[in-house]
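Notes follow the structure.
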Amino acid sequence: MALEILPREILYDILSCRAHNRKDLWSCSLVSRNLWEVATSILYSNIDLNIKSEWHDNKSQPQMKKETALLKVVASNPILGAKIRALSICFPDRYINDRDEYLAFGQENGDQVARNIPFLTKATLRECGLTRHIIANITAYSHLTELNLRLGAESRQWGNKPTPVVTLRWEVPTDYAGDGGTIDSWNTVANVLDIAGTVFPKVVELDISNCRRGGSDAAPPSFSHETTEHRQNTSLSGLQAFRYQGRIHSTGRELMLDFIRRHHDTLTSIAMTFGFEALDQKMMEYVLQVVSAAPKLKSLSILIGGRGQRWESHTLPVWSNPTRPLANPTYGIEIFEMWNIGCSFSPTIGQLFSGWNTLRVLKIGAPLYEKDEHDGRPHFDEVAPEIWGFAKSLPKSIEEMFIELDNYNLTADEDEDFDPIPELAPEIFKLLPRLHTLDINAWIADIDRSTGHIPEKAIFCRRRPNEQDPDNKEKKVVWMSRLECMYQEDYGNLSNTTVEVEGNFEGKDADEPWLGGQMSWLSQSSRHWEDGKYLLGADADPYDPDVHFHTEDEDEDDDEDD
């Protein structure tokens, strides 16, 4: 039926315009009554149940009355519960004077709720009474394939029967200090693996992270180092992607290698912290051990800590298009990501990658160090030669490169201060014959010494065919989109230019310039980015500077009007 292809939000609005209750339609036409029956059956065919408690600043205690009433409805209505496909439990992380109410949530009728949702396919759970009941019934969910957890890794509450889960993300609240308590270490992974080996043997994607204990988290259990050693033999036969966000001490690196060796036949993607201060020869030697331990590995990401929401902007597709490994029968790393190498770019750093002849995508960041003048400026004129020397030593196989420079204490007084970076970009394309995408972002402070969620300076380059001679492999055009945010307000200025370059180019060109190459300024609001494209919301005010963008054609029209 046509109603089934409508987004549920639209269908709900249509129904709300007709009536708020079925009784209101008794005196209406048969068509209206049929619409109600069909629409409600669609709206409530697959339910996503979100239990989210908001913290009220004017209240000294958490408010859970509505959430508790909702659980009672599900507990008393198995037909309704059978329609629930996704469940999400979210509590605030801020300090709570009395966390007991959160931890006890769902304890009273959670057992019946857990039995009434047998067709659950996805769940996001954190420590509470309802979660404990769901864990006790975990083997009853034969359709559950994705599970997100935020709770301690205690094996005694999970039982020993397998489940169909293939994607498991587990946040483990930890205390970062204290003798005998759970600490942020590889020990966490050992305990999760002990559970996963029995309860989640079909896991393909495993993501484990240690997080600082929040206000609604229970106190973590204590695990001894003996249990860590005992649990190192667990393996998951289908594991392809593994991510660990947590500290790695020197003693944990060998345990990590043992884990990778046990999964050498299946692992294609690894993302984790390695516990080194900077990318140097010593760290690269360890990285090469990781690569050799997993011969089918295609993607390697070295994670770092201490980055807030500002730094997370690079994960948006608009800044760095998500790239997946190719279906390539040959072995070798294709994607490498490390957003803070802990030192400046140099030929020596580039040479560390010189033997990686299968590397296609390089995502890498370095700190911007203050120069001897201590004038608080980034001195891009001195940074550009460092990037040049770095790029000159890279393997010629690279197709996409994303570079980040970071120091929120530095400020560029003039737009021209950034000129050396755009001037360098075309030369890098001549160095790397297969390169078609190059982004260089500078995360510094604006002229008011404040920061935002888009880079203050950036250049986005895409190699494209020459329009006059599209089949010419030796003559290309580089589209360069330059972003300037002297003041981090609602938007940044964007200018677009093209530069002809000549060289012995290989491989494919970029599909299009960055964001089409037609924008002159853009909003920093992340909610308007999707799949690398800027979206104007259907309900947005087209004259609101926070959501609207101008194209270069519109700018020309404005000039003519003036």
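Residue numbering for the sequence shown is 2 to 563, as defined by the numbering used here. Note that CB positions come from ideal geometry on N, CA and C, so glycine has one too.
Asked: Span separating the alpha-carbon of residue 346 from that of residue 457; Found: 20 Å
Asked: Reference residue 368, options 463, 339, 294, closest by Cα; Found: 339
Asked: Nearest-angstrom Cα separation, counted from residue 407 out to residue 23; Found: A caution first: residue 23 carries a pLDDT of 49, below 50, which makes its placement in the model unreliable, though a value can still be read off. Approximately 58 Å between the Cα atoms of the pair.
Asked: Reference residue 152, options 116, 109, 193, closest by Cα; Found: 193
Asked: Chain-order list of residues whose beta-carbon lies under 7 Å from that of residue 299 (same chain, five-residue window excluded); Found: 269, 270, 326, 334, 335, 336
Asked: Assigned exposure category for residue 405 - 16 Cβ within 10 Å defines buried; Found: buried
Asked: Continuous beta strand (DSSP E) assignments of at least 3 residues falling wholly in the stretch 122-184; Found: 123-127, 147-151, 168-175
Asked: Rounded C-alpha distance that separates residue 403 from residue 392; Found: 12 Å
Asked: Validate contact between the stretch 239-247 and the stretch 276-288 using beta carbons, cut 8 Å, 3 pairs; Found: no
Asked: Cβ pair residue 435, residue 511 closer than 7 Å; Found: no
Asked: Complete alpha helix (DSSP H) runs within the stretch 367-434 (minimum length 4 residues, chain order); Found: 381-393, 421-432
Asked: Cβ-Cβ distance between residue 136 and residue 113 below 7 Å; Found: no
Asked: Assigned secondary structure, residue 506 (DSSP; H/G/I helix, E/B strand, else coil); Found: coil
Asked: Element boundaries [alpha helix (DSSP H), containing residue 273]; Found: No alpha helix (DSSP H) holds residue 273; the beta strand (DSSP E) holding it covers 270-273.
Asked: Residue 116 - DSSP class collapsed to helix/strand/coil; Found: helix
Asked: Own chain partners of residue 150 with C-beta closer than 6 Å, once the 5 adjacent residues on each side are dropped; Found: 126, 171
Asked: Beta strand (DSSP E) segment containing residue 438, residue limits; Found: 438-446
Asked: For residue 471, the three-state DSSP class (helix, strand or coil); Found: coil
Asked: Range of the contiguous alpha helix (DSSP H) that encloses residue 282; Found: 282-294
Asked: Where residue 309 falls, given that 16 or more other Cβ within 10 Å makes a residue buried; Found: Unreliable positioning characterises residue 309 in this predicted model, as indicated by a pLDDT of 45, which lies under 50. The coordinate reading is nonetheless provided below. So residue 309 counts as exposed.
Asked: Supposed close pair residue 264, residue 301 - CB separation, criterion 8 Å; Found: Going by Cβ atoms, the distance from residue 264 to residue 301 rounds to 14 Å, so no, they are not a contact pair.
Asked: Per-residue burial, residue 416 [other beta carbons within 10 Å of its own, 16 or more giving buried]; Found: exposed
Asked: Bridge partner(s) assigned by DSSP for residue 299; Found: DSSP lists no partner for residue 299.
Asked: Environment of residue 386 [buried if 16+ CB atoms lie within 10 Å]; Found: exposed
Asked: Coarse secondary structure for residue 78, derived from DSSP in three states; Found: coil
Asked: Alpha-carbon spacing of residue 343 relative to residue 130, whole angstroms; Found: 43 Å
Asked: CB of residue 84 within 7 Å of CB of residue 52, strictly; Found: no
Asked: For residue 260, the three-state DSSP class (helix, strand or coil); Found: helix
Asked: Rounded separation between residue 162 and residue 251 - CA only; Found: 35 Å
Asked: Inter-residue spacing [alpha-carbon to alpha-carbon] between residue 476 and residue 419; Found: 27 Å
Asked: Neighbour-count burial assignment, residue 70, 16 or more Cβ in a 10 Å radius; Found: exposed
Asked: Assumed close pair residue 448, residue 439 - CB separation to whole angstroms, cut-off 8 Å; Found: Not really, about 26 Å apart at Cβ, beyond 8 Å.
Asked: With 16 other Cβ atoms within 10 Å as the buried cut-off, status of residue 144; Found: exposed
Asked: Beta-carbon proximity of residue 169 to residue 120, cut-off 7 Å; Found: no
Asked: Residue interval of the alpha helix (DSSP H) (run including residue 188); Found: 188-200
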